[in-house]
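See structure below.
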Ligand code: IPM
Ligand code: MG
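Structural data, given as structure tokens:
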């Protein structure tokens, strides 16, 4: 059996980190006989430059035909002045939406070796293991109407629509509850139901699904409080489930608890578990082309791909163990570097993981 993996490197540091992740994928493919076949495509600014659109038809066709997608990162200042509907980010949002990748899993796990790289005191973050489940194809990111219009008095007004249907809330709730079952069995739903009707409904639907999972405890927090709790006492959380925009924001905050956003992988799944895998971080134009970017978030995204879509949990664990061993050996890219560690670049970090896998 073969698995088709479509690789979309994207922009700025995207190709640098994806190259290392592909080396790791090739290594486990050989070691575990996974039958993975890799193809490449263009998305984001890279696609815009070649085809004039951020999500070319060809890319969408290849994405639909693939079992899994590995994405680097898209966007950056080079395309700041292009029309809004042609922005590189639209390519990413388009592919999420077209493939109905509604379930975004963002695990924030603290590797003990990185406790001192966290912005919080080691005792606050030691043992941290949070899973953020972010709704990815709805909410204010996609709600219509949207735009910028000119009022009668000539003043301009920007507007978006924050909307969720019951069915959209139900499916993300089921995903969060079933994932919690495999963990510490606690779901915290984050909303703003003291102000926004759409999240009043969100909370109601969560409550209505909860009895189907009597072994899982459901709690609720307003998003402002959740942000505070995340940086005050993050270990209270097991699974956090929330909408698209709140999830975007909270996952960046959670990322920094783990030392660096350069460590955070993600999976975006459809209802059948097919998915797109990408680091949570962006295209980091400020460090692009310097060989400094941390490839571990992308490498760990490959591990998630093996676990969630390609049904190869041993290979996934092997990658995670190899990453841990490389951190044990003291290798650090600049984002996770503290005094006394060995400073390495993107390629050296990637190759160290491959070497570690080979020596199993
Ligand atoms: C993310 C990113 C994207 C998002 C951007 C690049 C459109 O921030 O995956 O978190 O907002 O979803
Ligand atoms: Mg984000």
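Residue numbers (my numbering): 193 to 552. Glycine included, C-beta positions come from ideal geometry on N, C-alpha and C.
Per DSSP, cross-strand counterpart(s) of residue i
i           : result
residue 342 : 348
residue 380 : 411 and 432
residue 265 : 202
residue 196 : 229
residue 457 : 471
residue 524 : 535
Residue-chain proximity (residue i, chain B), Cβ-Cβ < 8 angstroms
i           : result
residue 387 : Annotation note: the requested chain B is absent from the structure, which comprises a single protein chain.
For residue i, the nearest candidate out of the options (CA to CA)
i           : options               : result
residue 455 : 464, 527, 329 and 481 : 527
residue 218 : 302, 199 and 481      : 199
residue 226 : 248, 195 and 418      : 195
residue 308 : 522, 258, 343 and 403 : 522
residue 488 : 435, 542 and 372      : 542
residue 237 : 269, 262 and 260      : 269
residue 514 : 504, 495, 532 and 529 : 495
residue 366 : 404, 354 and 338      : 404
residue 441 : 247, 519, 298 and 293 : 298
residue 329 : 364, 244 and 536      : 364
residue 475 : 210, 197 and 417      : 210
residue 462 : 533, 374, 302 and 259 : 259
Simplified DSSP assignment, three categories, for residue i
i           : result
residue 297 : strand
residue 387 : coil
residue 529 : coil
residue 462 : coil
residue 534 : strand
residue 260 : strand
residue 234 : coil
residue 279 : coil
residue 292 : coil
residue 318 : coil
residue 416 : helix
residue 443 : helix
residue 255 : helix
residue 397 : helix
residue 211 : helix
residue 302 : coil
Limits of the beta strand (DSSP E) - the one that residue i falls within
i           : result
residue 487 : Premise fails: residue 487 is in no beta strand (DSSP E) and is neither H nor E.
residue 322 : 321-327
residue 467 : 467-471
Element boundaries [alpha helix (DSSP H), containing residue i]
i           : result
residue 541 : 538-550
residue 516 : 505-520
residue 359 : 358-373
**OP:** Could you tell me whether the stretch 418-430 touches the stretch 317-325, where touching means 3 or more Cβ pairs closer than 8 angstroms?
**Re:** Verdict: yes, contact present.
Subject >> Three CB pairs or more closer than 8 angstroms across the stretch 495-505 and the stretch 438-455 >> reply: Between the stretch 495-505 and the stretch 438-455 there are fewer than three C-beta pairs closer than 8 angstroms, too few to call the two in contact.
Original post:
Are three or more beta carbon pairs between the stretch 213-233 and the stretch 284-296 nearer than 8 angstroms?
Top reply: no
**OP:** Could you tell me whether the stretch 452-468 touches the stretch 343-362, where touching means 3 or more Cβ pairs closer than 8 angstroms?
**Re:** no
**OP:** Would you be able to state if there are at least three C-beta pairs under 8 angstroms between the stretch 368-382 and the stretch 393-409?
**Re:** yes
Original post:
Counting pairs of beta carbons, one from the stretch 414-427 and one from the stretch 245-257, are three or more of them closer than 8 angstroms?
Top reply: no
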